[in-house]
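Below is one structure; the comments refer to it alone.
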Amino acid sequence: MRPCPGSGWTRQARQTVGSCALLSLFPNGSRPGRWRPIARKSIDFRTIAGGLPLSCESPPRKRGSAGPENPHYHLRQYTLSYCTYSIFFANRFDSPPPGTIDRDHCAGRGIPRSSSSLAGGNNAKALGDNSTALGNGATATGAQASALGVSARAAGSASTAIGWDSQAAGANGIAIGTSSRADFASAIAFGGGAQANAAGNVALGGGAIASGANSVAIGAGSVASAANTVSVGAVGAERKIVNVAAGTVSASSTDAVNGSQLQAEITRATAAEALLTTNLNNEITARTNADALLTNNLNTEITNRTNADINLQNQINAMGTSLSSLTSRVGRLENYAAASTAVAVAMGGATFLPDKKVSMTANVATYDGAYAGSFQLNALVSPNVAVNAGVATGFNKGGKTAGRVGLTFGF
0 MRPCPGSGWT RQARQTVGSC ALLSLFPNGS RPGRWRPIAR KSIDFRTIAG
50 GLPLSCESPP RKRGSAGPEN PHYHLRQYTL SYCTYSIFFA NRFDSPPPGT
100 IDRDHCAGRG IPRSSSSLAG GNNAKALGDN STALGNGATA TGAQASALGV
150 SARAAGSAST AIGWDSQAAG ANGIAIGTSS RADFASAIAF GGGAQANAAG
200 NVALGGGAIA SGANSVAIGA GSVASAANTV SVGAVGAERK IVNVAAGTVS
250 ASSTDAVNGS QLQAEITRAT AAEALLTTNL NNEITARTNA DALLTNNLNT
300 EITNRTNADI NLQNQINAMG TSLSSLTSRV GRLENYAAAS TAVAVAMGGA
350 TFLPDKKVSM TANVATYDGA YAGSFQLNAL VSPNVAVNAG VATGFNKGGK
400 TAGRVGLTFG F
């Protein structure tokens, strides 16, 4: 028996009675008397590995008495849901008094909330229903959440955090990688330091950040800060998208075009420019010849000069007519482009209404002074198949009529 320094208590060696580990404390030089339960605050036991007390305090005394009130105490330990708790009570082996469980002293063991939760590792906590926390300091507070790794945190319902310091705070969020963050609903962050900072955003790659609404960042260090964008790089760290098939080019197409399609347009524009240059050079040559002829005949024949002037003026008039015709064609082309854009804008924006088999949408659009309207129909022909159709027409600037039919499958 060893005394607790300065406490007036003697610590008896640890004993085992049945499944209970006991530690008896006696006043120095005294013998057990009558016992009764004591309050949790009566003695401050700070447990260490094995349940032995780290320090002792002087025993409580009876009112008006110099002797100890409770000369014999026990510290009972038992295991519940993977965690060892310390219970203080008198020398009786019954249920612990209310409020005596001390969860803060469960060092080195995980704390699951229920039998359907799983916690493993120092200070691991699985506090959500059906949650899992594996790793030192891992915490799963959301229902059906999973936190795997040192200091991983899964707070959203059905969220997943894997890796050191990873965090998935949004419902259905997924954060995989060191210090990854998916703090919004259905956000996905994959890679060390990846961040998906809005609902439904996706960040794939180490240090990738998707902060704009409904944005996607693909590749290490990629940043998608604008809404409704897909980024494969960042300012100063741009990337190429290669092996892209040729897109469909039409008034209603939303396909991307590749380099070969752009090169074809450049070739056509270059040919048109060359033809115009040839015509201008021919005209300059003709005018030069006319001027030379006029100069040579000026002193010999006034009539010839007058005729030459008339001929030159006729040529100038013809060129003016050609330029006027070209200007008119350019104006018509601009009108057609504006009308086509308005028709394309009007064709977008069709949606399915929830729980409805048939949805109809009417749109009106304008672009650069051109106006267009559309009517679109969506129909759910089975739980996994839907058809859609639409027609749009321009109202001015030579606008044309366009139509589409589509089929959608769900799996």
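Just so we're aligned, residue 0 is where the sequence shown starts under numbering that gives the first Met the number 0, counting upward by one.
We treat Cβ as the ideally placed atom computed from N, Cα and C, and that holds for glycine.
In this text the structure is predicted, and so the values were computed from the model without any measurement.
- Is glycine 393 helix, strand or coil by DSSP? Note: glycine 393 maps to strand in three-state DSSP.
- Query: In this structure, what does DSSP give as the bridge partners for asparagine 257?
  - Reply: None, per the DSSP bridge assignment.
- Query: So glycine 218 and valine 201 are in contact, right, with Cβ under 8 Å, and what is the actual spacing, rounded?
  - Reply: Between valine 201 and glycine 218 the Cβ distance is about 12 Å, and since that is not below 8 Å, they are no contact.
- Span separating the alpha-carbon of tyrosine 335 from that of valine 357: 33 Å
- Message: Could you compute how far the alpha carbon of asparagine 122 sits from the alpha carbon of glycine 136?
- Response: 5 Å
- Verify whether the separation of the beta carbon atoms of glycine 176 and glycine 162 is less than 7 Å. yes
- Message: Here's a check: name, in chain order, each residue in its chain whose Cβ is nearer than 6 Å to the Cβ of alanine 236, leaving out the five neighbours to either side.
- Response: Gly220
- Item | Anticipated Cβ contact below 8 Å, alanine 167 with alanine 153, distance rounded | 5 Å
- Query: Around the C-beta of leucine 402, are 16 or more other C-beta atoms found within 10 angstroms, so that it is buried, or is it exposed?
  - Reply: Before going on, a small fix: residue 402 reads as glycine here, not leucine. By the 10 Å Cβ count, glycine 402 comes out exposed.
- Query: Under a Cβ-count criterion, where at least 16 other Cβ atoms within 10 Å of its own Cβ denotes burial, should alanine 174 be classed as buried or exposed?
  - Reply: buried
- Nearest to lysine 124 (by Cα), restricted to the options Ser115, Asn227 and Thr138: Thr138
- Query: Once you ignore the five residues that flank valine 222 on each side, which residues in its own chain have a CB closer than 7 Å to its CB?
  - Reply: Ile208, Ala216, Ser230 and Ala233
- Item | Contacting residues, own chain, Cβ-Cβ under 8 Å from asparagine 171 (five flanking each side not counted) | Taken in chain order, the residues that qualify are Gly155, Ser156, Ala157, Ser158, Ala184 and Ser185.
- Complete beta strand (DSSP E) runs within the segment 124-187 (minimum length 3 residues, chain order): 131-133, 145-147, 159-161 and 173-175
- Message: I need the DSSP call for isoleucine 309, collapsed to helix, strand or coil.
- Response: helix
- Count the other C-beta atoms from every protein chain shown that fall within 10 angstroms of the C-beta of glycine 319, then say buried if there are 16 or more, exposed otherwise. exposed
- Any chance you could list the beta strand (DSSP E) runs of at least 3 consecutive residues sitting entirely within the segment 358-384, in chain order? Here the runs fully enclosed are 369-381.
- Considering only the beta carbon of each residue, do serine 145 and asparagine 129 sit closer than 7 Å? no
- Name the two residues that bound the continuous beta strand (DSSP E) containing arginine 238. No beta strand (DSSP E) contains arginine 238, which DSSP labels as neither H nor E.
- Item | Buried or exposed (CB count within 10 angstroms, at least 16 for buried), arginine 180 | buried
- What three-state label does DSSP hand leucine 293 in the structure shown? In this structure, leucine 293 counts as helix in the three-state DSSP scheme.
- DSSP on valine 434, reduced to helix/strand/coil? Beyond the ends of the chain as shown, which are 0 and 410, falls residue 434; an answer cannot be given.
- How long is the line joining the alpha carbons of isoleucine 309 and leucine 325, rounded to whole angstroms? 24 Å
- Limits of the unbroken beta strand (DSSP E) element including phenylalanine 410: That residue, phenylalanine 410, is in no beta strand (DSSP E); it is neither H nor E in DSSP.
- Query: Going by Cα to Cα distance, which pick from Leu332, Gly389 and Thr407 is closest to serine 400?
  - Reply: Sequence check: residue 400 is threonine here, not serine. When only C-alpha atoms are compared, the closest one is Gly389.
- alanine 341 to asparagine 362 span [Cα, whole Å]: Near 11 Å, if we compare the C-alpha coordinates of asparagine 362 and alanine 341.
- Item | With 16 other Cβ atoms within 10 Å as the buried cut-off, status of threonine 46 | Below a pLDDT of 50, predicted positions are generally treated as unreliable, and threonine 46, at 34, falls in that range; no measurement from the model is reported.
- Would the beta-carbon of glycine 204 fall within 7 Å of that of glycine 191? no
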